[in-house]
Amino acid sequence: MSIERMKEQMSSKGGFIAALDQSGGSTPGALALYGISEGSYSGDEEMFRLMHEMRCRIITSPAFTGEKVIGAILFERTMDGEVEGKSVPSYLWNDRGVVPFLKVDKGLEDEKNGVRLMKPIPGLDELLARAAKLGVYGTKERSVINLPDREGIAAIAAQQLKLGEQIAAHGLTPILEPEVLIKSPDKKGAEAILREELLKGLDALPGDYKVMLKLTIPDVPDLYLDLVKHPRVERVVTLSGGYPLDEACKRLAANHGLIASFSRALVGDLKVSMSDAEFDAALKTAIDKIYTASVEKI
18 MSIERMKEQM SSKGGFIAAL DQSGGSTPGA LALYGISEGS YSGDEEMFRL MHEMRCRIIT
78 SPAFTGEKVI GAILFERTMD GEVEGKSVPS YLWNDRGVVP FLKVDKGLED EKNGVRLMKP
138 IPGLDELLAR AAKLGVYGTK ERSVINLPDR EGIAAIAAQQ LKLGEQIAAH GLTPILEPEV
198 LIKSPDKKGA EAILREELLK GLDALPGDYK VMLKLTIPDV PDLYLDLVKH PRVERVVTLS
258 GGYPLDEACK RLAANHGLIA SFSRALVGDL KVSMSDAEFD AALKTAIDKI YTASVEKI
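The opening residue of the sequence shown carries number 18 in the numbering used here; numbering runs sequentially from there.
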């Protein structure tokens with residue numbers, strides 16, 4: 018079955034996950050970075066069409082294959098879209114060998130106790146059922162940690178793990194993403210508390226399903242090794258968090274067992290004005306750097 022081959026790939030294959038899941042709030046910024054200013058399009062439909070074209074250009078590039086990009090996280094509209102006459106999840110897996118994931122969170126609550134919990138996700142069960150039918154392997158859901166507040170971080174971990182339980186009930190593998198902001202006034206302190214709360218929550222998980230974790234690259238190298246080795250964790254991946262590509266790769270390479278799941282660091286040098294040859298070369302350069310940092314450790 019495809020699901021078993023996907024699980025084997027996500028559990029053990031060298032490579033990284035491409036985060037192509039910018040949604041409504043982050044799409045204008047992603048397009049601007051690509052060279053399409055907010056004033057050059059009108060309304061959400063045109064904005065999302067342009068974003069879809071950018072994503073299609075990425076995933077159809079010769080460099081974007083399962084040899085180095087083992088998974089890709091999609092925005093809901095991308096999951097529902099098509100590329101070369103096929104559904105995007107089907108194209109990714111069957112034509113590219115890349116495991117598809119879906120971003121399911123719907124934004125963040127206001128900050129309380131130094132963190133921003135996820136907003137409620139209406140219609141989640143229906144969305145998960147549709148994703149599974151389309152061949153999606155798993156999901157990603159993001160919340161944010163700013164301060165090393167024990168109560169706030171415990172609430173973040175509990176919400177993520179509870180949502181993971183609901184997702185796993187649909188046969189999907191959840192990527193839990195409690196992001197510690199790189200501009201946190203005490204990033205190291207917040208990461209230490211997060212590690213403790215995640216280990217505590219993982220030890221208490223019901224059932225026998227596994228989760229993945231997507232965490233900010235820690236300030237203390239190998240801080241998350243216990244999470245990498247935990248029996249309920251399929252893989253631990255890291256977000257670039259705003260670090261430039263070379264800085265993100267340097268930090269990642271110092272952490273054994275972690276692989277990348279980069280967004281801005283992956284696509285930051287891509288421009289709409291590039292020829293296909295220039296675009297493919299720039300994407301290949303980024304992919305090669307991220308792959309090397311994911312599989313070759315200091």
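Every residue gets a Cβ at the ideal spot worked out from N, C-alpha and C, and that includes glycine.
Taking a 10 Å sphere around the C-beta of Asn111, we find fewer than 16 other C-beta atoms and assign the residue as exposed.
By the Cβ neighbour-count rule, His247 is buried, with 16 or more other Cβ atoms within 10 Å of its own. Per DSSP, Glu158 is one residue of the beta strand (DSSP E) stretching across 155-162. Residue Leu283 holds the alpha-carbon nearest to the alpha-carbon of Ala36 among Tyr308, Ala294, Leu287, Leu283. For the 8 Å CB-CB criterion, Glu208 and Leu240 form a contact. Looking at the DSSP output, Phe92 sits in no beta bridge, so it has no partner there. Judged by their CB atoms, Ile276 and Lys231 are not nearer to each other than the 8 Å cut-off. Rounded to whole angstroms, Ile34 and Ser57 show a C-alpha spacing of 31 Å.
Fewer than three pairs of CB atoms, one per stretch, sit closer than 8 Å, so the stretch 122-134 makes no contact with the stretch 96-110. In this structure, Glu168 sits away from Met135, with a CB-CB distance that is not shorter than 8 Å. Scanning the stretch 231-273 for uninterrupted beta strand (DSSP E) segments of 3 residues or longer gives 250-256, listed from N- to C-terminal end.
In the three-state DSSP reduction, Phe33 falls in the strand class (E or B). With a threshold of 16 other beta carbon atoms within 10 Å, Ala186 falls short and is exposed. Under the three-state reduction of DSSP output, Glu295 falls in the helix class. Less than 8 Å divides the Cβ of Ile87 from the Cβ of Gly32.
The stretch 257-277 makes no contact with the stretch 68-85: fewer than 3 CB pairs, one atom from each, lie closer than 8 Å. Counting only the Cα atoms, Ala221 lies some 42 Å from Asp286. In the structure shown, the three-state DSSP call for Val284 is helix.
Annotation: the continuous alpha helix (DSSP H) that includes Lys150 extends over 141-150. The closest CA to that of Ala149, considering only Ile20, Thr233, Ile173, is found on Ile20. Shown here, Pro117 sits in a strand according to DSSP, grouped into three states. Per DSSP, the unbroken alpha helix (DSSP H) holding Phe65 starts and ends at 60-76. DSSP, reduced to helix, strand and coil, places Thr82 outside both helices and strands of the structure shown, so it counts as coil. Check the Cα spacing between Ile304 and each of Ile75, Asp166, Ser201, Ser28: the tightest is with Ile75.
The straight-line gap separating the alpha-carbon atoms of Val237 and Pro45 is approximately 33 Å. In chain order, Gly32, Ile304, Tyr308 place their CB closer than 6 Å to the CB of Lys85, counting only its own chain and leaving out the 5 sequence neighbours on each side. In this structure, Ser278 and Leu256 form a Cβ contact; the two beta carbons are roughly 6 Å apart against a cut-off of 8 Å. Sequence-distant Cβ neighbours of Glu251 in its own chain, meaning closer than 8 Å and more than five residues away, are Lys24, Met27, Ser28, Thr190, Lys227, Val228, Met229.
Excluding its 5 nearest sequence neighbours in each direction, Gly218 has C-beta neighbours in its own chain below 6 Å: Ala174, Leu178, listed in chain order.
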